[in-house]
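Below is one structure; the comments refer to it alone.
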Amino acid sequence: MTTHSPALPSDVLLRAEHLTVRFGGLLAVSDVSFDVRRGEVFTLIGPNGAGKTTVFNLISRIYQPTSGSITYAGTGRAPLVLTAQPAHQVAGLGIARTFQNIELFEHASVLSNLLIGRHTQRESGFWSELCFTPKVRAAEIRAREKVEEVIDFLDLQHYRDQLVAGLPYGVRKVVELARALCTEPELLLLDEPSSGLNVEETDDMAFWIQDIKNDLGITVLMVEHDMGLVSKVSDRVLAMNQGEVLALGTPREVQNHPGVAEAYLGSIDDVSSLRRPAGAQPARRA
Ligand SMILES: Nc1ncnc2c1ncn2[C@@H]1O[C@H](COP(=O)(O)OP(=O)(O)OP(=O)(O)O)[C@@H](O)[C@H]1O
Ligand SMILES: [Mg+2]
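Spelled out as structure tokens, the structure:
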């Protein structure tokens with residue numbers, strides 16, 4: 013199996029080409045192609061069941077596409093066919109993600125969760141870990157420094173020693189984001205960062221995402237339903253419906269695309285958020 017591919021244009025970090033995923037008789041993703049450019053926030057929108065999380069699961073290598081491929085060109089690496097890589101190598105390639113339903117160790121502290129997240133990208137072997145060699149010690153110091161940096165960056169100092177289980181939902185969402193950042197990703201996948209958050213927490217999330225892009229220089233690929241957040245932070249938006257690409261463009265272009273409003277007709281909340289007058293609060297999904 014080949015792992016190298018023709019070079020991508022220098023501004024492209026990830027290229028999805030003709031992705032198709034079939035679950036039995038269901039076509040969850042159908043011939044989906046897009047580029048994620050370095051340094052942008054690229055957002056997937058679409059009604060429930062459109063195939064957005066399935067696309068994330070292809071990039072994370074949780075699913076194998078039925079056909080099509082994903083090419084990834086991390087800085088300083090030759091472009092490689094991601095869809096030919098084993099799942100455990102994805103974090104080592106500089107790709108981190110958060111999940112639609114938060115996935116944290118509930119009975120561990122915030123700090124432990126972040127350190128565990130950091131450990132997923134350790135390159136040292138079993139024996140050097142066991143013997144705590146200078147290389148391992150240096151990596152441990154670097155891990156702790158990075159974790160503290162992220163705690164400061166996301167304002168989590170107050171929660172660092174608390175158990176995740178006792179934290180409000182909105183804080184857990186930020187902890188999950190922190191865990192992903194601790195791996196120092198080049199590409200960050202956020203699956204519905206605002207789901208379950210109130211209006212104020214959603215505004216905070218928009219600021220974090222903008223800071224992640226502008227201050228940390230991390231490319232963000234996001235799935236999101238809240239059109240207020242999508243418009244605020246996205247450079248480009250891809251709208252999907254029933255596994256297919258409906259529209260691709262700026263947030264405004266995609267929101268004004270007639271097929272997009274039509275696709276949302278099944279969900280009153282989502283249609284109201286698409287039609288919301290400027291300045292009004294976004295409609296929230298249950
Ligand atoms: N492992 C699986 N086995 C069978 N069907 C699946 C599997 N994963 C997803 N699907 C189906 O694929 C379709 C796309 O699902 P997906 O989770 O990608 O949608 P989504 O766009 O993320 O929706 P939502 O906005 O509700 O999160 C749905 O019909 C879903 O039921
Ligand atoms: Mg989903």
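All residue numbers for the sequence shown refer to this note's numbering, where the first residue is 13 and numbers rise by one. Ideal placement from N, C-alpha and C gives every residue a C-beta, glycine not left out. Remember, predicted model here, so these are calculated numbers, not experimental data.
Practice item. Rounded to whole angstroms, what's the CA-CA distance from L31 to V183? Just pull it up for me. Key: L31 and V183 have their C-alpha atoms spaced approximately 35 Å apart.
**Study point:** F111 in three-state terms, based on DSSP
**Key:** In the three-state scheme derived from DSSP, where H, G and I count as helix and E and B as strand, F111 is classed as coil.
Exercise for review: Return yes when the Cβ of V176 is within less than 8 Å of the Cβ of F117, no when it is not.
Suggested key: Contact flag set, yes.
Point to revise | Cβ shell of P21 (< 7 Å), same chain only, five flanking positions each side left out | key: Result list for P21: empty, nothing under 7 Å.
Point to revise | V256 - partner residues in DSSP beta bridges | key: Here residue 256 turns out to be Glu, not Val, going by the sequence shown. Beta-bridge pairing links E256 to N253.
Review point. Under the rule that 16 or more other beta-carbon atoms within 10 Å means buried, what is S45, buried or exposed?
Key: With a 10 Å radius around the Cβ and a threshold of 16 neighbouring Cβ atoms, S45 comes out exposed.
Review point. At which residues does the alpha helix (DSSP H) containing T262 begin and terminate?
Key: Taken as a continuous stretch (DSSP letters only), T262 belongs to no alpha helix (DSSP H), as it is neither H nor E.
**Study point:** Element boundaries [alpha helix (DSSP H), containing D223]
**Key:** In this chain, the alpha helix (DSSP H) harbouring D223 covers 211 to 226.
**Study point:** Residue of G104, P59, H131, L202 minimising C-alpha distance to I114
**Key:** Closest option to I114, Cα to Cα, is L202.
Point to revise | For ligand 2, residues whose Cβ lies under 7 Å from any non-hydrogen atom | key: Selection output, chain order preserved: K64, T65, Q112, D203, E204, V235.
Point to revise | In DSSP terms, what G234 is bridged to | key: The sequence given here has Met at residue 234, not Gly. Paired residue(s): T55, L202.
Review point. What do you reckon, are the CB atoms on D247 and V53 nearer than 8 Å?
Key: Taking 8 Å as the Cβ cut-off, D247 and V53 qualify as a contacting pair.
Check your understanding: Helix, strand or coil for G83 per DSSP?
Key -> It should be pointed out that residue 83 corresponds to Thr in this sequence rather than to Gly. T83: strand per DSSP, three-state reduction.
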